[in-house]
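First up is the structure itself, then whatever we jot down about it.
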């Protein structure tokens, strides 16, 4: 098993699991895939960044990184945004490496030095053939694009062009993929394209025990040539979906209603309509095995009284909406439409 | 006071005390349309190809013309701004600081889109009071 980091700091760990009756603090240790090895395409270690490095894996086993309950923000800043790269990691040679899948078939650490030379030059291909651990095809009305889960690239396709690499795809919620990870991926990608500099970039999925669905991902990045002046971050993105409860051990899910969790289970062979946006970092199975469609589910929406467009609360259009035009609404999609509102073309509520 | 700044789709201006993004064609557009601008030390390197068009300042009271500023919520300037030039990246980036002035207090005078060097679409909006 490849060990990239040496432990210099002892941290305590407490994590929260969100399922069934809602948020619950669990003082348990999250474990990364424990039987993984890695393969590296190329690497070069040339200079010193600093002498501070933290073995995140050991930190999970031995100490604490205190990640609070998800509180409405898709990510949590870790270690004051200072990544855990060690001094000798700094390089201006592009590379990417991926831990081998563990005994449960789960992805491990993914690591790259992102440079323009390894960024994709072609459109992303099909990835629907990959079934990450915990994968289920499930739909909810209150999820943008309907599908709860995306095949979520750990190192985003736009960074290194990894397509259907099973060591780089996990079962991630639409929310984590789009609201959590994508803004950071785009920030790094655009920085590299503009400056032609390199960015050390690592994404580590964090699983609790033998869970098949990750609790979240740790994303670290550091721009090399300017010593982090352009890009420096260390964030934890929660693998959650607002209004949906997830059983991380299996990937099962349920809609949370005002009165608690609705106990509806995914339904075998139920009909799925094809309204999801296939251009996103997701794709549907060519043969859908399991799905649930909650056509009349009660969800939260944000209405724009001026434009008569309705959005999901997480839509980027909401933050720029005038308060005078904003109206929060809880109810079914059909009720909103019956009031003359049209669905936002960005978040597809 | 005439201010030029950059924002993302959520009107974010910075994350972790760093600009969210940059594009050399924004700088080119600024120089071509607004001429010499004042700016702070953080942003000065962006004008390395146009050093004659960037004036380093440490005091906004000394600014006589357009001020190009990054990472600022602009709240401290809200009542002083007569013209606001926004370059909007057509992306959502992480942000822990956002624009804190109300654009409803301004009138949109001009809006154009152009392709950047590293961004497929950049939207330039000019607001006046």
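Residue numbers (our numbering), protein chains in the order written: chain S, 1 to 349; chain H, 1 to 129.
For every residue, glycine included, the Cβ atom is placed at its ideal position computed from N, Cα and C.
Just so we're clear, the structure is a prediction, and the values are computed from it rather than from any experiment.
Could you confirm whether any beta carbon from chain S is found closer than 8 Å to the beta carbon of residue i?
| i | result |
| --- | --- |
| residue 29 of chain H | no |
| residue 97 of chain H | no |
| residue 72 of chain H | no |
| residue 64 of chain H | no |
| residue 21 of chain H | yes |
| residue 55 of chain H | no |
| residue 16 of chain H | yes |
| residue 41 of chain H | no |
| residue 104 of chain H | yes |
| residue 33 of chain H | no |
| residue 51 of chain H | no |
| residue 87 of chain H | no |
| residue 13 of chain H | no |
| residue 9 of chain H | yes |
| residue 107 of chain H | no |
| residue 117 of chain H | yes |
| residue 93 of chain H | yes |
Among all the DSSP beta bridges, which residues are the ones paired with residue i?
| i | result |
| --- | --- |
| residue 107 of chain H | H:128 |
| residue 328 of chain S | S:302 |
| residue 6 of chain H | H:87 |
| residue 237 of chain S | S:75, S:217 |
| residue 22 of chain H | Answer is none; residue 22 of chain H lacks a bridge partner. |
| residue 222 of chain S | S:200, S:232 |
| residue 14 of chain H | H:19, H:97 |
| residue 342 of chain S | S:309 |
| residue 253 of chain S | S:246 |
| residue 113 of chain H | H:123 |
Does the beta carbon of residue i sit closer than 8 Å to a beta carbon anywhere in chain H?
| i | result |
| --- | --- |
| residue 266 of chain S | With a pLDDT of 42 at residue 266 of chain S, under the threshold of 50, the modelled position of this residue cannot be trusted; read the value that follows with caution. Chain H, which has no Cβ nearer than 8 Å to the Cβ of residue 266 of chain S, makes this no. |
| residue 305 of chain S | no |
| residue 233 of chain S | yes |
| residue 33 of chain S | Annotation note: pLDDT 38 at residue 33 of chain S (below 50); position unreliable, no value reported. |
| residue 176 of chain S | no |
| residue 81 of chain S | yes |
| residue 289 of chain S | With a pLDDT of 35 at residue 289 of chain S, under the threshold of 50, the predicted position of this residue should be treated as unreliable, and no value is reported. |
| residue 194 of chain S | yes |
| residue 54 of chain S | Interpretation of residue 54 of chain S is limited by its pLDDT of 46, a score under 50 that renders its predicted location unreliable; the figure taken from the coordinates is listed afterwards. By this cut-off, residue 54 of chain S is not an interface position. |
| residue 115 of chain S | no |
| residue 349 of chain S | no |
| residue 191 of chain S | yes |
| residue 187 of chain S | yes |
| residue 73 of chain S | no |
| residue 338 of chain S | no |
| residue 85 of chain S | no |
| residue 322 of chain S | yes |
Grab me the residues of residue i's own chain with a C-beta within less than 6 Å of its C-beta, minus the 5 sequence neighbours each way, in chain order.
| i | result |
| --- | --- |
| residue 184 of chain S | 219 |
| residue 109 of chain S | 99, 204 |
| residue 312 of chain S | 144, 347, 349 |
| residue 96 of chain H | 15 |
| residue 34 of chain H | 66 |
| residue 88 of chain H | 7, 123 |
| residue 128 of chain H | 83, 107, 109 |
Residue i: buried (16+ other C-beta within 10 angstroms of its C-beta) or exposed?
| i | result |
| --- | --- |
| residue 159 of chain S | buried |
| residue 80 of chain H | exposed |
| residue 167 of chain S | buried |
| residue 62 of chain H | exposed |
| residue 16 of chain H | buried |
| residue 121 of chain S | exposed |
| residue 156 of chain S | buried |
| residue 276 of chain S | Since pLDDT at residue 276 of chain S reaches only 29, below the 50 mark, its modelled position is unreliable, and no value is offered. |
| residue 146 of chain S | buried |
| residue 112 of chain H | exposed |
| residue 104 of chain H | exposed |
| residue 12 of chain S | Note on residue 12 of chain S: pLDDT 32, under 50, position unreliable in the model; no value is reported. |
| residue 180 of chain S | buried |
| residue 136 of chain S | buried |
| residue 56 of chain H | exposed |
| residue 353 of chain S | The requested residue 353 of chain S is not part of the displayed model; chain S covers only 1 to 349. |
Take residue i and list the residues in its own chain whose beta-carbon comes closer than 7 Å to its own, dropping the five residues that flank it on each side.
| i | result |
| --- | --- |
| residue 346 of chain S | 315, 316, 317 |
| residue 115 of chain S | 94, 192, 198 |
| residue 54 of chain H | 37, 39, 44, 47 |
| residue 93 of chain H | 8, 12, 15, 20, 21 |
Only counting the same chain, and skipping five residues up and downstream in sequence, which positions put a Cβ closer than 8 Å to that of residue i?
| i | result |
| --- | --- |
| residue 27 of chain H | 46, 47, 49, 50 |
| residue 77 of chain H | 1, 3, 60, 101 |
| residue 244 of chain S | 140, 142, 143, 148, 173, 253, 254, 255, 256 |
| residue 91 of chain H | 8, 9, 21, 119 |
query = Which whole runs of the beta strand (DSSP E) in the segment 76 to 112 of chain S are 3 residues long or more, in chain order?
reply = Counting whole runs of 3 or more residues, the segment 76 to 112 of chain S contains the beta strand (DSSP E) stretches 95 to 99.
inquiry  = At 4 residues or longer, what runs of the alpha helix (DSSP H) sit wholly inside the segment 111 to 190 of chain S?
reply    = Runs found: 157 to 160.
task = Note down, one range per segment and in chain order, each beta strand (DSSP E) of at least 3 residues found wholly within the segment 28 to 76 of chain H.
result = Counting whole runs of 3 or more residues, the segment 28 to 76 of chain H contains the beta strand (DSSP E) stretches 37 to 39, 54 to 56, 66 to 68.
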